[in-house]
Structure formats: structure tokens, C-alpha cells
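Read the structure below first, then the notes.
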Amino acid sequence: MLAVAVRQAGLVSSEQCAAHGVARGARTRLVSARRWSQPTRGVFDTVVSPPHERHPDERRRRAAWLGMLAYGPSAIAVGACALALHGVAGLPIVVQPEVTLADGSRLRSRDGIRLRQFAGVTTVVVDGRRIASVEAALIQALPALARTHAVAILDSALNKRLLDLEGMARVKAGVRGRRGAARLEPWWRLVDGRSESPLETDARLRCLDAGIAPDDLQVVIRDDGGRFVGRGDLGWRLRDGRWLLVEIDGREVHDTPQALYSDRTRQNRLLLTGRVDLLRFIRADFPHHLVATIRQHLALDAANSRRPGRDARFDARMRA
1469 MLAVAVRQAG LVSSEQCAAH GVARGARTRL VSARRWSQPT RGVFDTVVSP PHERHPDERR
1529 RRAAWLGMLA YGPSAIAVGA CALALHGVAG LPIVVQPEVT LADGSRLRSR DGIRLRQFAG
1589 VTTVVVDGRR IASVEAALIQ ALPALARTHA VAILDSALNK RLLDLEGMAR VKAGVRGRRG
1649 AARLEPWWRL VDGRSESPLE TDARLRCLDA GIAPDDLQVV IRDDGGRFVG RGDLGWRLRD
1709 GRWLLVEIDG REVHDTPQAL YSDRTRQNRL LLTGRVDLLR FIRADFPHHL VATIRQHLAL
1769 DAANSRRPGR DARFDARMRA
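Residues in the sequence shown are numbered from 1469 upward in steps of one, following this note's numbering.
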């Protein structure tokens, strides 16, 4: 049963327990001993740590499985829950469990699990359960999301090739007329599948709002021989033809010793080309430092371009 629980974000149903020989009495004792918990009738959480201490991806998957297991085999994960199971990034950390019932039953929502009434949902099978397709889930989820999350999940779906431009057009048509759809209208043009993480999307939108939108994304830098040196997440073309590159460091991608070594080596190679200035940010920098630092660098570049040229030999003496 451990494999079942792992596949289902730590959750198992009463029926699954019985099928694997874990009788009702044993389940009761496990809950009493606080080795398991029971988030809703007929569903058990086999993970000791509380949900808020788990990885955000696991929390979202747990929400999806909680809804499906609570309402039985006919329950279909929809909206943000389905997107989480598809591996779409950019969702809020806290996702409400929500399902619709394929058999048309009109049961009630319970224990924070939202029962939705969606007719004719297009579904796919993931880990043996029916969930809404990516396009259907986007249509269901987008109207309720804040701008950063909405753009980020569309960026992610495009980047992971779970959605193409034709599919996005169908999603746009599908949300039309739904409550909350009108506010989505100015956001569609902000979507860019080149963004490789929700952090990159967030950084790009912050810069756009501040009036310093990047000139390009995933900027490739080559050496004098045309060989690939590296790439920057966001890029601004400087007045002398060089680039200001901004790298957004996600903790999980960059915090291992090997990753830090590779990052340092790549950064040094980029700077040695003489073609770039490089700034790096983490999520904690976003509220106060991201825009201010980029704006300061661009202002300095503009000021330098207005200064009269100086004798290179004088500059060399000053550096010495």
C-alpha cells in the first residue's frame, strides 16, 4: 500500500486500506496514535508531517487526490487540482480540493472540498484516475486566479508543450462569458512560453509594470567564434550593443554544491566575453530590490552613453 500512498500524495481511501489488509480497527489505532490523520470521511493521510510543512507541489497534489478519494471512483479532478496533476507550474501554494462527478450525482461539498457542476468535461487518465484535460482545467481555473498566477500557468503550459498557441486560443474562447473572464482580457498578451519558471514570469511582470520590460527572454550569448557561452533569463539591450542579463535563481535548482559550481563557472564565462553585465536575484529580492536594481543599472547605462568620450590611455592609467 506504500506505493499507492506515494502515488496519491500520501493519501489512501478506506477501500484501498481494506484491499491491502489494513482493517478498520488498525486504521483507528493509527489515527489515535497520530501516525495517520483523517482529513475527511473515508480518506487517510499516511504522512506524519502536517500539510503546511510539505513541499508546495506535494500540497497541491494532495489537494487533488483528497477530492478524488473523498468522492469515489466517479470523481474527476478539475481546475487548479487537475493542472497540478498535469505538472503545470505557477499555481498558488494553497489549492482548494475540487472535483466534479462523472455520474451526475448531486452530493454536497464537505470538509473544504468543493464539488463543482461541470457538464461534458474533457478528461484524460493520470495515475489511473480521470482528470480534466489541460485545456479544460485552464478554462475552469483561470477566471479565479490572480494575474501573476494566471500568466505563470499559461507560460508553464506552453513551455512544457502541454498547450500550443491554437490550444491557448481555444482556452481564451472557452473562458469567454464566465464570471471573472473579463479581467483576463489584458493578460493574454502577457503570456510568453519562453519563461522557464513562475519566478521568471513574476520578475518579467514586475519589470513590465515598472516600465522597464525586458527586450528579450532567454538571451543567448556566443563568443567571438560563435560558440555558445550561456543564456540569460531576461535581457535588456544596452546602448553600446552589450546586454544586461538578469538571472532568476530558484532555490531548488541552484542550491546544490554542483549547481553552485556550474553557475559560477558559467557566470565567469559570460562576463569574460565582454558582451554582458549580469545581475542575479532570488525570490526574496523581488519586493524591494529587483526593479530598483535593474532600473539603476539602466539609468547608469543611459548616463554613461551621454558622457563625452575619454582617452582610453587615461582610463587605463586610472584603473592602474
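Built from N, CA and C at the ideal position, the CB exists for glycine as well.
Output the distance between the C-alpha atoms of residue i and residue j, rounded to the nearest integer angstrom.
i	j	result
Ala-1641	Val-1499	47 angstroms
Thr-1590	Leu-1676	35 angstroms
Thr-1669	Arg-1497	47 angstroms
Arg-1646	Pro-1611	7 angstroms
Ala-1649	Leu-1746	39 angstroms
Asn-1790	Leu-1559	Lying outside 1469 to 1788, the shown extent of the chain, residue 1790 is not represented and no answer is given.
Arg-1781	Asp-1684	Reliability fails at Arg-1781, whose pLDDT of 36 lies under 50, so the model's placement of it is uncertain and no value is given.
Pro-1518	Pro-1541	26 angstroms
His-1722	Ala-1752	The predicted model places His-1722 with a pLDDT of 48, which falls under 50 and marks its position as unreliable; any figure quoted below should be read in that light. Each residue's alpha carbon lies about 15 angstroms from the other.
Thr-1652	Ala-1494	The question names Thr, but residue 1652 in the sequence shown is Leu. Roughly 50 angstroms separates the two Cα atoms.
Trp-1533	Pro-1565	8 angstroms
Val-1687	Leu-1766	17 angstroms
Val-1490	Glu-1634	48 angstroms
His-1617	Glu-1521	22 angstroms
Arg-1629	Leu-1553	15 angstroms
Gly-1596	Cys-1485	17 angstroms
Arg-1503	Gly-1694	59 angstroms
Gly-1742	Asn-1627	30 angstroms
Ser-1505	Ala-1609	29 angstroms
Arg-1748	His-1756	14 angstroms
Leu-1713	Asp-1513	45 angstroms
Val-1643	Met-1636	11 angstroms
Asp-1731	Leu-1575	53 angstroms
Ala-1501	Gly-1588	43 angstroms
Does the Cβ of residue i have 16 or more other Cβ atoms within 10 Å, making it buried, or fewer, making it exposed?
i	result
Phe-1696	exposed
Thr-1733	exposed
Ala-1625	buried
Arg-1672	buried
Leu-1583	buried
Ser-1773	exposed
Pro-1666	buried
Arg-1662	exposed
Glu-1483	exposed
Ala-1760	exposed
Glu-1664	buried
Asp-1717	buried
Ser-1573	exposed
Ala-1620	buried
Asp-1571	exposed
Ala-1548	buried
Gln-1764	exposed
Gly-1535	buried
Ala-1678	exposed
Leu-1758	buried
Leu-1435	Residue 1435 lies beyond the residue range present for the chain, which begins at 1469 and ends at 1788; the question has no answer from this structure.
Leu-1768	exposed
Closest to residue i by C-alpha separation, out of the options, would be which residue?
i	options	result
Arg-1492	Val-1511, Ala-1477, Gly-1478	Val-1511
Glu-1715	Arg-1662, Thr-1508, Arg-1699, Gly-1709	Arg-1699
Leu-1739	Trp-1711, Ala-1760, Asp-1717	Trp-1711
Ala-1600	Leu-1652, Glu-1521, Gly-1555	Gly-1555
Ala-1487	Arg-1503, Leu-1479, Met-1469	Met-1469
Ala-1605	Ala-1614, Phe-1586, Gly-1596	Phe-1586
Val-1515	Gly-1478, Gly-1694, Trp-1533, Arg-1574	Gly-1478
Arg-1578	Gly-1588, Glu-1653, Val-1567, Asp-1571	Val-1567
Ile-1750	Asp-1701, Val-1563, Arg-1576	Asp-1701
Thr-1508	Arg-1522, Arg-1530, Gln-1608	Arg-1530
Pro-1524	Ala-1609, Arg-1705, Val-1562, Met-1636	Val-1562
Ala-1557	Asp-1571, Val-1593, Gly-1709, Arg-1527	Arg-1527
Ile-1607	Ala-1550, Val-1593, Pro-1654, Asp-1595	Ala-1550
Val-1593	Leu-1768, Ser-1505, Ala-1543	Ala-1543
Arg-1674	Val-1643, Arg-1502, Phe-1754	Phe-1754
Ile-1581	Gln-1476, Arg-1598, Tyr-1539, Arg-1615	Tyr-1539
Val-1744	Arg-1705, Asp-1731, Arg-1644, Leu-1768	Arg-1705
Ile-1680	Ile-1762, Leu-1768, Ala-1501, Gly-1588	Ile-1762
Since residue i and residue j are thought to touch, with beta carbons under 8 angstroms apart, how far apart are those beta carbons, to the nearest angstrom?
i	j	result
Ala-1770	Arg-1690	With a Cβ gap of about 26 angstroms, Ala-1770 and Arg-1690 do not count as contacting.
Val-1659	Leu-1613	Val-1659 to Leu-1613, Cβ: 13 angstroms. No contact.
Val-1546	Glu-1603	Rounded, the Cβ-Cβ distance is 12 angstroms, inconsistent with contact.
Pro-1682	Gly-1709	16 angstroms between Cβ atoms; not a contact.
Val-1480	Val-1474	With 8 angstroms as the limit, Val-1480 and Val-1474 do not qualify as a contact, their Cβ atoms being about 10 angstroms apart.
Leu-1537	Gln-1476	7 angstroms
Arg-1615	Trp-1655	6 angstroms
- What are the start and end residues of each continuous alpha helix (DSSP H) run of 4 or more residues lying completely inside the region 1616 to 1660, in chain order? 1633 to 1643
- Message: Threshold first: 3 residues or longer. Then list the beta strand (DSSP E) segments lying entirely within the region 1542 to 1626, N to C.
- Response: 1543 to 1545, 1566 to 1569, 1591 to 1594, 1597 to 1600
- Message: Ignoring anything shorter than 4 residues, give me the alpha helix (DSSP H) runs that lie fully in the region 1687 to 1760, in order along the chain.
- Response: 1719 to 1722, 1725 to 1740
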